[in-house]
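Here the numbering used here is used: position 668 in the sequence shown is 671, and no number is missing along the way. Structure, as structure tokens:
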Amino acid sequence: MSKVVSYELIDHIGVITVDNPPVNALSHALRQGLQDAVTAAQSDSSKALVLLCAGRTFIAGADITEFGKPPQAPSLPDVLETLENSTKPIVAAIHGTALGGGFETALACHYRCALPSAKVGLPEVKLGILPGAGGTQRVPRLAGVEAALELIISGNPISAADAGAMKLIDRVVQTEDLKSAAIAYAQELVALSAPLKRVRDVQIDPNSIPEGFFDAYRRKVAARARGQIAQDRIVSCVEAAVTQSFDEGLQTERELFMECLQSPQSRAMRHAFFAEREAAKIKGLPADTPVRDIRQVAIIGGGTMGGGIAMCFANAGIPVTLLEINDEALERGLGIIRKNYTITVQKGRLSQQEMDSRMALIDGTTSYGDLSKVDLVIEAVFENPDIKKEVFAKLDAVCKPGAILASNTSYQNIDDIAAATSRPADVVGMHFFSPANVMKLLEVVRGDKTADDVLSTVMKIGKKIGKVCVLSRVCYGFIGNRMLTGYGRQAHMLLLDGATPAQVDAAAEAFGMAMGPLAVGDLAGLDIGYKARQAREAAGDTLDPATHCVASALVEMGRLGQKTGAGYYTYDPQTRARKSDPEVEALIREHAQKLGIRQREISDEEIVARLFYPLINEGALILEEGVAQRPGDIDIVYLYGYAFPASRGGPMFYADEVGLKTVCDTIERFARELGPDYWQPAPLLARLAEQGSTFAQWSKTQE
Ligand code: NAD
4 MSKVVSYELI DHIGVITVDN PPVNALSHAL RQGLQDAVTA AQSDSSKALV
54 LLCAGRTFIA GADITEFGKP PQAPSLPDVL ETLENSTKPI VAAIHGTALG
104 GGFETALACH YRCALPSAKV GLPEVKLGIL PGAGGTQRVP RLAGVEAALE
154 LIISGNPISA ADAGAMKLID RVVQTEDLKS AAIAYAQELV ALSAPLKRVR
204 DVQIDPNSIP EGFFDAYRRK VAARARGQIA QDRIVSCVEA AVTQSFDEGL
254 QTERELFMEC LQSPQSRAMR HAFFAEREAA KIKGLPADTP VRDIRQVAII
304 GGGTMGGGIA MCFANAGIPV TLLEINDEAL ERGLGIIRKN YTITVQKGRL
354 SQQEMDSRMA LIDGTTSYGD LSKVDLVIEA VFENPDIKKE VFAKLDAVCK
404 PGAILASNTS YQNIDDIAAA TSRPADVVGM HFFSPANVMK LLEVVRGDKT
454 ADDVLSTVMK IGKKIGKVCV LSRVCYGFIG NRMLTGYGRQ AHMLLLDGAT
504 PAQVDAAAEA FGMAMGPLAV GDLAGLDIGY KARQAREAAG DTLDPATHCV
554 ASALVEMGRL GQKTGAGYYT YDPQTRARKS DPEVEALIRE HAQKLGIRQR
604 EISDEEIVAR LFYPLINEGA LILEEGVAQR PGDIDIVYLY GYAFPASRGG
654 PMFYADEVGL KTVCDTIERF ARELGPDYWQ PAPLLARLAE QGSTFAQWSK
704 TQE
């Protein structure tokens, strides 16, 4: 028998123990071992079997390192058939997380018990696939169709108690000794001559499902799926659980699983899964780099960002002090935090008690003297270099040695800020995204002098507060905002060339973006860019009117975006639905004429290429300059910080899928047709295109 699965007989109960650290992933050896153990147990003196796992969790899921490799028998569905056809009842005993194939394994057993702390779920949709070992057939048979759809389409795990209420778990055992409890449960079942409860034998009454239910559900998920197919195919599988026999349903599930697995979007989502794990690693930093202890945090500035950042720490149970310029600003900042929590409580997503304990972790002050004991300070004051340097000089004077001094600046040079202190090795960028308590991305900006242990500490604390951290070097806008410049510029220039705002946004949204660039501008407020341009002009920069003239004119007309009810669009005051405005279209024509631009029909294909290829091109520059460590890191920045469609895997993965030659040739064509100003292929892109290579291949050579 294989080493990862062991078997022992305890009081006529055959106990099968899986031990495949770290998470008991369903490797080939595990599948084989399980199959052998159940088969052998059929002819011994056991009266019932218990399946449990050693270590910190039940089978946590598939072994995704086997994805894309030739399948090795026995397949998981085969193993589960053996389990379900056992002539002796099998009790699955769940602790930790039973996810994906792990939960499907438990569902193929005849009874399930779990610790109260256990969680179960089918997260396959997050990798662009669906449960492929009976999950879509067994869950609706136990929990009902609607609950099954919700569970499988969300991909989110649920607690043992919720799973119990959904009949997915038969017994939640109130003990820490799961093994004894599971054996006792099995003995009870034997004593009662309890039936072999095979989920496959449950039939769902088709008449219990309202007419048209599945089609309506499909339409509902399509609206949210942003181009992904897995959600739609999950609905088809669950429908098959109602309309087909169990075996036919399994067949349908298998076919649709294979379709999803082979789709480019699943490839993209698996890429993102691995890229996220890679991004957490800093090249050249040994794994045993020490980390500093972070027990107390301070935030400077309690505005939009500071308040959200304070919430992140309080949510993770870390005490935080908010410093503002005066009592009034402090009260305002704390008031907004309180209001945000209250809304969450009203929505039923947070208990009042939990809110109170989080608020109790947030303290306010107007005095720098109160920061002498903190371990980490994050500055989030106005985006003004002089104010920031002043703040850092004050922090340098009051903070204890070893305190980490971080800035949330979007654009300022971290090295300049560090130079305002006597301890540049302790200075780092922590660039959160708005709203900071919601958005998962954190760009960790490494200054020239930032110490290794400061980086390791910030990466660790970022993870602790639920962020996905990506390392960036210092440059204007770091990875994400620097790349975005070309995207925004082209959105504007496309208008002058003849596309309407609705057409530009619709093309970006059809590509999979949650919201097109112009609608995003309206949402954020067109005055933000306007003020930034004013500042640049005041500093002596000359700006190309073709990149902003319409946006500036809108601001000067008082059309700042959603907050004034009008920007590129007009907005319904009740529903916030956007509507095209002929006045804006006339304004665009007028500006095009003024600049001597002849307007023309623009295809959606051109819009997509002009929006996204500049991202890729800037990404290539960022890679070659070493600002980002890997193309996958850039993808993670875009997936988590800019709502780039998961089904595309991020801009650099998307470029590899399109083919770098196509991207490069198109950029060169735009240089000829639209002028060379903004269309110079990055040297790395040109080189890889010429070699027929990809960013992914190049990245391997840089490890
Ligand atoms: P904000 O104007 O909402 O808040 C700034 C706060 O800082 C104000 O409450 C102000 O009273 C306070 N403040 C100003 N000077 C101070 C000082 N010397 N000491 C203490 N408090 C002071 O600004 P914001 O949008 O929260 O931006 C803050 C920083 O975060 C900026 O550097 C910005 O570039 C960056 N950022 C903003 C966003 C965003 O989307 N808003 C996203 C990422 C990063």
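The beta-carbon is built from N, C-alpha and C at its ideal position, and this holds for glycine as well. Since we're looking at a predicted model, the values are computed, not measured.
Under the three-state DSSP convention, the category residue i falls into
i	result
residue 697	coil
residue 675	helix
residue 169	coil
residue 611	helix
residue 284	coil
residue 396	helix
residue 324	strand
residue 10	strand
residue 598	coil
residue 434	strand
residue 476	strand
residue 76	coil
residue 644	helix
residue 252	helix
residue 635	helix
residue 713	Because the chain in this structure spans residues 4 to 706, residue 713 falls outside the shown range and cannot be described.
residue 202	helix
residue 630	coil
residue 5	A caution first: residue 5 carries a pLDDT of 48, below 50, which makes its placement in the model unreliable, though a value can still be read off. Residue 5 falls in the coil class under three-state DSSP.
residue 63	coil
residue 591	helix
residue 208	coil
Run of the alpha helix (DSSP H) containing residue i, from where it starts to where it stops
i	result
residue 485	481-500
residue 459	455-467
residue 142	138-146
residue 192	181-194
residue 419	417-422
residue 402	Run containing residue 402: none; DSSP gives neither H nor E here.
residue 176	Element bounds for residue 176: n/a, residue is neither H nor E.
residue 657	654-661
residue 224	216-228
residue 246	233-246
residue 507	504-514
Own chain residues within Cβ distance below 8 Å of residue i, not counting five before or after
i	result
residue 10	4, 17, 18, 19, 20, 40, 43 and 44
residue 157	128
residue 269	130, 131, 132, 233 and 263
residue 610	497, 502, 506, 507, 510 and 511
residue 126	64, 102, 103, 158, 159 and 160
residue 657	271, 615, 619 and 651
residue 320	364
residue 418	427, 450, 451, 452 and 477
residue 369	326, 327, 328, 329, 330 and 333
Contacts around residue i, its chain only, beta-carbon distance under 6 Å, and the 5 residues preceding and following it disregarded
i	result
residue 8	21, 36, 37 and 40
residue 472	445, 447, 462 and 465
residue 583	505
residue 685	620, 623 and 624
residue 643	443, 444 and 471
Limits of the unbroken beta strand (DSSP E) element including residue i
i	result
residue 360	Run containing residue 360: none in the beta strand (DSSP E); it sits in the alpha helix (DSSP H), 355-363.
residue 448	444-449
residue 345	Counting along the chain, residue 345 falls outside any beta strand (DSSP E), though it belongs to the alpha helix (DSSP H) covering 330-349.
residue 315	Residue 315 -> not in any beta strand (DSSP E); alpha helix (DSSP H) instead, spanning 307-318.
residue 17	16-21
residue 382	379-382
residue 53	51-56
residue 300	300-303
residue 46	It is not in any beta strand (DSSP E) - residue 46 carries neither H nor E in the DSSP assignment.
residue 410	407-410
7 Å CB neighbourhood of residue i in its chain, flanking five on each side removed
i	result
residue 279	471 and 639
residue 90	45
residue 373	324
- Can you list the alpha helix (DSSP H) stretches of 4 or more residues lying completely in the region 517-583, in chain order? 520-527, 529-541 and 552-559
- Message: Give the list of continuous alpha helix (DSSP H) stretches no shorter than 4 residues that lie fully inside the region 86-144.
- Response: Those alpha helix (DSSP H) runs which fall completely within the region 86-144 and span 4+ residues are 104-111.
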